[in-house]
Every structure is written in C-alpha cells, then in structure tokens.
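*Asks:* For reference, the structure I am asking about is given below.
In this note's numbering, the protein residues as written are 39 to 608.
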C-alpha cells in the first residue's frame, strides 16, 4: 500500500473544513484565532507548587495558584510533560502517553484543573512529546525483545552502526552518538536525543494512528492545543543524512487536519528552530500546517541586540520572518525551559553574547547556548528588564513567558545542563520559598545571593506596587488591550535613530506605534507618522500632536513608549 493511500485512509473521516480555514465564514474564522493574541505561561507542575508537602509540585498545587495566574493576565497555560516517566530527562522521556504521573497527581486531579481553568476563562495546552519515547516505554521494551516483535518497526533500527553516528546530535558535548547498540537484539537504534530516548518511526502508519489516538484522548480531556516538541526530528525520514535529513512535511498537514477534525479551534505550537525560508514548510503555504511556531531565529538576533546594542541583525530577522499566512502566527519569548540557542548566529556574534551574558563556561551549554535566566543575564538591571518585557509583549505574535520570569528569578548553575533554569517557583520568604512545607524540595530552591527566595519572591513583590511583578502584570494587561499587535499588520519603521526599534501596527482603521531604546543613554525618536494625534498609553501627559506629520520624542536609557493614533489633525 503506497504512502499516499495510507494517508487518505488514516484521514478519511476528517471534514474538509478542518484543513481549509481560509474558506470558513469570517466570524467563525476569527473566533478560532484565539492563539494569535494569547499570553501563554509555561510551567512545570513538579516545580510550581506542592500542595501535599511531599517536596514535589503537583496538579493541586497548580489549581491553588490559578488566581495568581489570572491576576497576572495569563489566558493560556502551557504544561510541560506530566505523563508517567522515569524522569531521566525531566519528563521528556515519556513512558505512557495516556496517563498522569502519580508523583504529580491523578486523572481526577487533572480533570479538576481543567474545570477550574475554564471557570477562570483560561485555556490549557500541553507538551506533545512524540519524536521519541522513554526506553522504559512498553512499546520499546517489546520492540527490543525480538526482531519480529509487535512494535519492532515503531522504532528505527540498523544492523550495523552507521558511519555518521556521531553527526546530528542535539546535545553536543554531552551526547556521544545518535545510534546506540541494543544489547537485547544486537542491533542499533536511532535517537536524536539521549540514548534512553529512542526515536519513533513515523513512516510506519501505525505510529501515525497511535499519535492520532493520543491527540484525540487529550482533546477529550479538555486540552485546547499542543506544544509539539522537536518538530523537525519528528518529520525526519529514517536513515537519511542526520545533518541534512529528508523531511516529510505532509505529516504537519495531517496532524493539523486530524486535530481540528476533533476540535475546530485546537491549535498546535511547534518547536522548530529553522531558517526563515524554511518556515513556510511548517506553517504551510496557505496556513494548512501548524498554526504557531516559536520564532527562534528572531530570538537569537534579539539577544545579540540586548548584548551589543546593535539592532540591525534583529531588524533583518524580524523582516525575514514577517511573511506568513493570515491563519499562522509566530510565538515570541525571551527565556524558555531550555538553553538560549545561539546556533544560527556567527561565531563572532555568539562570542559577543557570551562575553556580555554568559562569560563563564559553566553558563554555556551544548557548544551553542546559554543556560541562564533573563535577570542574571541582564545583571538584574531593572531598566533593561522592563524594556525587554515591554518589547516582548509588543512583538507581532503570541507571547510566551516562563514561570518565575515575572518576578526576575535567577538560576542555579550547580544543577546539570538545563535544570539550572528549572528550579522551584519562589512564592514567598517562608521555608523553601513557599513552594513546599517539606523539609527538602525534590529540586533545590535558590536560597542564597541576590536571587535567593528571601529576596526574590512573588508575595513580597505583589505587596510592592513598584515591583517587577506589578510592572510585568501591567504590561501584560496593556497587551491584552491592544489587539492591533496580535491581529494587525506590522511594519518596522525608521525611528531616526539606529538605537531605537520602532514597530507600527495597523488594524481595522486603528494604528499603534511602539518604541524601544536599546542603549544606556537617552535617544530621540523622529518618525514620519502623518498628521495625527498620538496617545501615549503609559503616560497621559505624553500625548503628542503630530501636526507637521512627524512624531519626535525622547526616550530615556532603556526607555520605551506605546502610542495609539487618534483623530486626524487639520
């Protein structure tokens, strides 16, 4: 049976409307665009809040803190993996796709979380980690039991070690190979990630069918979408060159089509660190692929701008990623749960970021990134942090913020690899940061120095109206009041200063202008805007009459301003 026929059989019941959003009635079409203007808060259940005093965060702990997230302005919660797992890769080594890890709670707890989130008007999306399983998954245990076993072809095997076994590693410097000899069957299995995470074979139609069951199951539990982990590796054709593999982009259309056949407004957020010219293959020419992708390309150049003040590469990166279909959307972030990947920069650019933000080799990871949180990288400079968050929430796409970033949490470089930025949430100055009442947390809280929980915590910042938490919450609420950003047309305009980034948005007859100064000195912006009155959204005394068709304002060091256009001036 050929590949095309298999796909048709797998998707025979999918309504045609699911893959043709551009033809849906306009009102319904926009209702299904919730993801375009969302604020997404990423958290790991195990390090967020412990409700039962066993030292580990749990689902009921998340429920306890939903009002905090609502207060902050979050409307979508992205849950890191919470399914049963040996925990060798912080849950990304999944051993059962249909359950809840008993260390984190029960299926009943999860149902209550969904109910309580809906009551507060919040959606929940979850990690979908299907590129690989744990080597403790029953599928892999069966696959290695015999060469003719039931699940053998669900994974990728080779009778001999391929010549390029040391190429294409995701974790260079830590990982040694992408092929490992299985002692039980005496053949090599493929793994893009750690050796305890064997890759699934998506050329096998049974694997695709099982993936659809997994998606359908979690949609039935109330999930609004998925963060699809390691997208380029999922669609990799087995036994092709790991450095330049053949990719099966039809998979993304199929998974989008199936997902929306089960739930019309469900969305998929893809983790795909690709060049701008490749993004159309992931979004689809007409938006028929995955709806959202992280803009890793722009993120890397943004950190170069933060480190050096040189905005030109970031402007170019933004322009290079601007052409996407109406139903597609970029997701912007500052820090996520992994290292900052700088692999698409030049060696010189990367070294300049290292020098400014991660000079110690212990701060660097996988020969291409930095394993620090944002506040330490910016030397806890409040001005820079505020400007960075103002910029994040005014970039043209959905916004993703990592737990603890809203209070300026630090990192623990004593922990291995990516765990340095996965320490428990710092809720208060009480024992173990208010994270747990146990004597010891399963992962240590940060308890020393300027980022220790007695200094940095949510409770004390909520009581202080001048705190970073209050400012970030204000920025998030301002973003929600400005639909132009997520839904409008964006244009990078000449600010009259190379140190100021100016973005204009136009949407349904309204216009916005956001300005950010990337230097430690005042800078003047002078822009052509038309004869219009512009209202300063942060300062009512900062309104500006552009009677001569120009807007001229001075921004302080690391300053920022948001304007909305008003009446046309005579």
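Built from N, CA and C at the ideal position, the CB exists for glycine as well.
Tell me which residues share the same chain as residue 267 and place their Cβ nearer than 8 angstroms to its Cβ, disregarding the 5 neighbours each side in the sequence.
*Replies:* Here residue 267 refers to the residue found at position 229 when the chain shown is read from its first residue. Correct list, in chain order: 130, 165, 166, 167, 168, 169, 309.
*Asks:* Under the DSSP definition of a beta bridge, which residues are partnered with residue 225?
*Replies:* Along the chain shown, one-based indexing puts residue 225 at 187. Its beta-bridge partners are 220.
*Asks:* For residue 369, which residues from the same chain have a beta carbon less than 8 angstroms from its beta carbon, with the 5 sequence-adjacent residues on both sides left out?
*Replies:* Residue 369 sits at position 331 when you count from the first residue of the chain shown. The answer, listed in chain order, is 78, 307, 330, 331, 332, 333, 435, 436, 437, 438.
*Asks:* Considering only the alpha carbon of each residue, which of 457, 384, 405, 345 lies closest to residue 419?
*Replies:* Your numbering for residue 419 matches position 381 in the chain shown. The shortest Cα separation from residue 419 among 457, 384, 405, 345 belongs to 345.
*Asks:* In chain order, what residues of the same chain lie with their CB nearer than 8 angstroms to the CB of residue 556, ignoring the 5 residues before and after it?
*Replies:* As a working note, residue 556 is residue 518 in the chain shown. The residues are 343, 344, 347, 349, 425, 537, 538, 539, 596.
*Asks:* Please tell me whether residue 443 and residue 411 are closer than 8 angstroms, where the distance is taken between their beta carbons.
*Replies:* Along the chain shown, read from residue 1 onward, the residue named residue 443 stands at position 405. Along the chain shown, read from residue 1 onward, the residue named residue 411 stands at position 373. Yes, they are a contact pair.
*Asks:* Consult DSSP for residue 254 and reduce its assignment to one of helix, strand or coil.
*Replies:* Start at 1 with the first residue of the chain shown, and residue 254 comes out as number 216. Three-state DSSP puts residue 254 in a helix.
*Asks:* At what residues does the alpha helix (DSSP H) containing residue 438 begin and finish?
*Replies:* Against the chain shown, residue 438 aligns to sequence position 400. That residue, residue 438, is in no alpha helix (DSSP H); its beta strand (DSSP E) goes 436-440.
*Asks:* Identify the residues that DSSP records as bridge partners of residue 592: which are they?
*Replies:* Looking up residue 592 in the chain shown gives position 554. Residue 592 pairs with 562.
*Asks:* Fully enclosed by the segment 313-370, which alpha helix (DSSP H) runs are 4 residues long or longer?
*Replies:* Whole alpha helix (DSSP H) segments, 4+ residues: 317-321, 334-346, 350-358.
*Asks:* Does the beta-carbon of residue 377 have 16 or more other beta-carbons within 10 angstroms, so that it is buried, or is it exposed?
*Replies:* For this step, residue 377 is matched to residue 339 along the chain shown. Buried, because 16 or more other Cβ atoms sit within 10 Å of the Cβ of residue 377.
*Asks:* For the pair the segment 149-157 and the segment 200-210, tell me if three or more CB-CB distances fall below 8 angstroms.
*Replies:* No, the segment 149-157 is not in contact with the segment 200-210.
*Asks:* In whole angstroms, give me the CA-to-CA distance for residue 60 and residue 94.
*Replies:* Within the chain shown, numbered from 1, the residue matching residue 60 stands at position 22. Within the chain shown, numbered from 1, the residue matching residue 94 stands at position 56. In this prediction, residue 60 scores a pLDDT of 36, lower than 50, which makes its location untrustworthy; the coordinate-derived value is nonetheless stated afterwards. One C-alpha to the other measures close to 45 angstroms.
*Asks:* May I have a chain-ordered list of the alpha helix (DSSP H) segments no shorter than 4 residues that lie completely inside the segment 96-146?
*Replies:* Segments of the alpha helix (DSSP H) lying fully in the segment 96-146: 97-102, 104-110.
*Asks:* Considering only the alpha carbon of each residue, which of 363, 480, 212, 491 lies closest to residue 125?
*Replies:* Locating residue 125 in the chain shown gives position 87, where the first residue counts as 1. The shortest C-alpha separation from residue 125 is found at 480.
*Asks:* If the criterion is Cβ atoms closer than 8 angstroms, does the pair residue 138 and residue 172 meet it?
*Replies:* Position 100 of the chain shown holds residue 138. Position 134 of the chain shown holds residue 172. Going by C-beta atoms, residue 138 is not nearer than 8 angstroms to residue 172.
*Asks:* For residue 237 versus residue 228, is the C-beta spacing smaller than 8 angstroms?
*Replies:* To locate residue 237, count along the chain shown from 1; it is residue 199. To locate residue 228, count along the chain shown from 1; it is residue 190. Yes; because the gap between Cβ atoms is below 8 angstroms, this pair is in contact.
*Asks:* Is it true that the CB of residue 110 sits closer than 8 angstroms to the CB of residue 511?
*Replies:* In the chain shown, the residue the question calls residue 511 occupies position 473. In the chain shown, the residue the question calls residue 110 occupies position 72. Their beta carbons are under 8 angstroms apart, which means residue 511 touches residue 110 by this criterion.
*Asks:* Classify residue 281: buried if its beta carbon has 16 or more other beta carbons within 10 angstroms, exposed otherwise.
*Replies:* For the purposes of this step, residue 281 is identified with residue 243 of the chain shown, where counting begins at 1. Under this definition residue 281 is an exposed residue.
*Asks:* Mapping the DSSP letters down to three states, classify residue 510 as helix, strand or coil.
*Replies:* Taking the first residue of the chain shown as 1, we reach residue 510 at position 472. Note: residue 510 maps to helix in three-state DSSP.
*Asks:* Can you tell me where the alpha helix (DSSP H) holding residue 297 begins and where it ends?
*Replies:* Here residue 297 is taken as the residue at index 259 of the chain shown, counted from 1. That run of the alpha helix (DSSP H) goes 288-300.
*Asks:* Below 8 angstroms on the Cβ atoms is my guess for residue 213 versus residue 232; work out the distance and round it to an integer in Å.
*Replies:* Taking the first residue of the chain shown as 1, we reach residue 213 at position 175. Taking the first residue of the chain shown as 1, we reach residue 232 at position 194. Confirmed, Cβ separation roughly 7 angstroms.
*Asks:* Scan the segment 387-428 and note each continuous alpha helix (DSSP H) run of 4 residues or more that stays entirely inside, going in chain order.
*Replies:* The qualifying runs are 412-415.
*Asks:* Where does the unbroken alpha helix (DSSP H) through residue 180 begin, and where does it stop?
*Replies:* Along the chain shown, read from residue 1 onward, the residue named residue 180 stands at position 142. Segment 176-181, the alpha helix (DSSP H) holding residue 180.
*Asks:* How would you label residue 591, buried or exposed, when you count the other beta carbons within 10 angstroms and need 16 or more for buried?
*Replies:* Along the chain shown, one-based indexing puts residue 591 at 553. By the neighbour-count rule (16 or more Cβ atoms within 10 Å), residue 591 is buried.
*Asks:* Using CA coordinates, which residue listed in 451, 455, 490 is at the minimum distance from residue 463?
*Replies:* Reading the chain shown from its first residue, position 425 is the one you call residue 463. Of the listed residues, the one whose Cα sits closest to residue 463 is 490.
*Asks:* For residue 605, count the other beta carbons within 10 Å of its own beta carbon; 16 or more makes it buried, fewer makes it exposed. Which is it?
*Replies:* Locating residue 605 in the chain shown gives position 567, where the first residue counts as 1. It is exposed - the Cβ of residue 605 has fewer than 16 other Cβ atoms within 10 Å.
*Asks:* Might you give, ordered along the chain, the residues of its own chain that have their beta carbon closer than 7 angstroms to the beta carbon of residue 189, omitting 5 neighbours on each side?
*Replies:* Your numbering for residue 189 matches position 151 in the chain shown. Excluding residues within five positions, the ones whose Cβ falls inside 7 angstroms are 177, 180, 181.
*Asks:* Which two residues bound the contiguous alpha helix (DSSP H) that contains residue 609?
*Replies:* The structure shown does not extend to residue 609, since the chain is modelled only from 39 through 608, so no value can be given for it.
*Asks:* Drop a sphere of 10 angstroms on the beta-carbon of residue 140, count the other beta-carbons inside from all chains shown, and report buried for 16 or more, exposed for fewer.
*Replies:* Within the chain shown, residue 140 is the residue found at index 102, counting from 1. That one is exposed.
*Asks:* Under three-state DSSP, which class holds residue 264?
*Replies:* Stepping through the chain shown from its first residue, residue 264 is reached at position 226. Strand, per DSSP.
*Asks:* Apart from the five residues on each side of it in sequence, which residues of its chain come closer than 6 angstroms, Cβ to Cβ, to residue 81?
*Replies:* Mapped onto the chain shown, residue 81 falls at position 43. Once the five neighbours on either side are set aside, the close Cβ partners of residue 81 are 441.
*Asks:* Beta-carbon separation of residue 352 and residue 336 under 8 angstroms?
*Replies:* Here residue 352 refers to the residue found at position 314 when the chain shown is read from its first residue. Here residue 336 refers to the residue found at position 298 when the chain shown is read from its first residue. Yes, they are a contact pair.
*Asks:* Measuring CB to CB, does residue 517 end up less than 8 angstroms from residue 431?
*Replies:* As a working mapping, residue 517 is identified with position 479 in the chain shown. As a working mapping, residue 431 is identified with position 393 in the chain shown. Yes; because the gap between Cβ atoms is below 8 angstroms, this pair is in contact.
*Asks:* Excluding sequence positions up to five away, which residues of its chain have a Cβ less than 8 angstroms from the Cβ of residue 533?
*Replies:* As a first step, residue 533 is located in the chain shown; it is residue number 495 there, counting from the start. Closer than 8 angstroms at Cβ, skipping near neighbours: 539, 540, 553, 563, 564, 565.
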